[in-house]
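Here's the structure we're looking at; comments come further down.
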Amino acid sequence: MGSGDCWLMIEGQNFGASIFDTQDLSTIRGGSLLLRDLVRVADDFLKKSLPKAVEATTLGGSVGIWRLSAKPPVAAKLAADLRKHLDGEAARHLAYGLALVADEGPSFRRQRNRLRAALQHGRLTETRLPYPALDNVERAVCPVDLVRPVAMGTRQKIGPNKTSLAIYERRRFGMDKKQSLIVGETAKAGDALCAKAKE
709 MGSGDCWLMI EGQNFGASIF DTQDLSTIRG GSLLLRDLVR VADDFLKKSL PKAVEATTLG
769 GSVGIWRLSA KPPVAAKLAA DLRKHLDGEA ARHLAYGLAL VADEGPSFRR QRNRLRAALQ
829 HGRLTETRLP YPALDNVERA VCPVDLVRPV AMGTRQKIGP NKTSLAIYER RRFGMDKKQS
889 LIVGETAKAG DALCAKAKE
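The numbering of the sequence shown is this note's numbering, which starts it at 709 and goes up by one.
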């Protein structure tokens with residue numbers, strides 16, 4: 709990677725508005741798992757969009773930092789495409805920051821600090837709540853989070869109550885992922901027992 713490099717960072721923000729905004733365990737789990745998958749989805753998108761020009765330097769639970777071998781205009785378009793991609797999926801219900809800076813030297817610490825400053829600037833100048841789209845909603849408040857409007861249609865229900873689209877999608881994601889997590893952990897436990905039995 710050369711002197712035309714850029715650095716891109718994504719970070720989960722404002723967990724209170726996108727994870728802990730309800731007491732419903734499945735919705736909390738869904739928001740948490742969406743946040744965990746956010747960095748992986750971003751990494752897949754970046755590597756698919758710029759093959760062999762993306763180097764992941766940090767892939768954490770809610771933070772990802774990549775070094776892009778691309779000029780700033782190309783990297784800026786890629787960052788915009790990434791945000792559009794993430795906002796087109798269930799991640800649109802999360803609050804996250806995305807920052808891009810041009811490389812200014814060999815120190816990773818310097819680049820990380822510049823990315824954090826760009827994220828902080830974004831926090832102070834942009835909306836920090838994932839606002840729902842106000843088309844296709846009813847004039848009622850979601851009974852689960854008591855904030856968002858109820859979505860139109862009969863699909864978004866928990867019991868007899870209709871919910872907001874954000875609650876419905878996060879809850880559904882949490883319930884679906886719970887099953888796959890149980891299957892995965894059970895398989896690991898089974899493999900461990902088989903290995904122990906062979907000893």
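Note that the Cβ used here is the ideal one computed from N, Cα and C, for glycine as well.
This structure is a prediction, so every number in the text was calculated from the model and none was measured.
Checklist entry - Cα separation between C850 and A761? => result Residue 850 sits at position 142 when you count from the first residue of the sequence shown. Residue 761 sits at position 53 when you count from the first residue of the sequence shown. Those two C-alpha atoms are separated by around 44 Å.
Next on the checklist: Taking the alpha helix (DSSP H) that A859 belongs to, which residues open and close that run?
Outcome noted: Position 151 of the sequence shown, counted from the first residue, corresponds to residue 859. Looking at the DSSP string, A859 is not in any alpha helix (DSSP H); the run it does join, the beta strand (DSSP E), is P857 to A859.
Checklist entry - Which residue spans inside the stretch 746-808 form an unbroken alpha helix (DSSP H) run of at least 4? => result Runs found: 780-795.
Next on the checklist: Given this structure, state the Cα-to-Cα distance separating A897 from R748, to the nearest angstrom.
Outcome noted: Sequence index remark: in the sequence shown, residue 897 carries index 189 (1-based). Sequence index remark: in the sequence shown, residue 748 carries index 40 (1-based). Going by the C-alpha atoms only, they are around 25 Å apart.
Item to check | Inter-residue Cα distance where the pair is G805 and A905 | outcome: Translated into positions along the sequence shown, residue 805 becomes position 97. Translated into positions along the sequence shown, residue 905 becomes position 197. One C-alpha to the other measures close to 48 Å.
Next on the checklist: Let me check understanding here. Comparing Cα to Cα, which of D751, K886, L873 and W715 lies closest to P780?
Outcome noted: Within the sequence shown, residue 780 is the residue found at index 72, counting from 1. Ranking D751, K886, L873 and W715 by Cα distance to P780 puts W715 first.
Next on the checklist: Within a Cβ cutoff of 8 Å, which residues of the same chain sit near E846, ignoring the five residues on either side of it in sequence?
Outcome noted: Against the sequence shown, residue 846 aligns to sequence position 138. So the qualifying residues of the chain are P857, V858, A859, M860 and K870.
Checklist entry - Does DSSP classify V845 as helix, strand or coil? => result To locate residue 845, count along the sequence shown from 1; it is residue 137. Strand, per DSSP.
Checklist entry - Quick one: any contact between the stretch 738-745 and the stretch 877-891, if contact means 3 or more CB pairs under 8 Å? => result yes
Item to check | I727 in three-state terms, based on DSSP | outcome: Numbered from its first residue, the sequence shown carries residue 727 at position 19. Coil at I727, not helix or strand.
Next on the checklist: Taking a contact to mean a Cβ-Cβ separation below 8 Å, would you say M717 touches A807 in this structure?
Outcome noted: Counting from 1 along the sequence shown, the entry for residue 717 is found at position 9. Counting from 1 along the sequence shown, the entry for residue 807 is found at position 99. Between M717 and A807, the CB-CB gap stays under 8 Å.
Checklist entry - Are L754 and L794 close, meaning C-beta to C-beta below 8 Å? => result Taking the sequence shown and counting its residues from 1, one reaches residue 754 at position 46. Taking the sequence shown and counting its residues from 1, one reaches residue 794 at position 86. The answer is no: Cβ separation not under 8 Å.
Checklist entry - Can you tell me the Cα-Cα spacing of S734 and I773, whole angstroms? => result What you label residue 734 is simply residue 26 of the sequence shown in a count that begins at 1. What you label residue 773 is simply residue 65 of the sequence shown in a count that begins at 1. One C-alpha to the other measures close to 29 Å.
Checklist entry - In this structure, does DSSP put C924 in helix, strand or coil? => result Outside the displayed range of the chain (709 to 907) lies residue 924, so it cannot be described from this structure.
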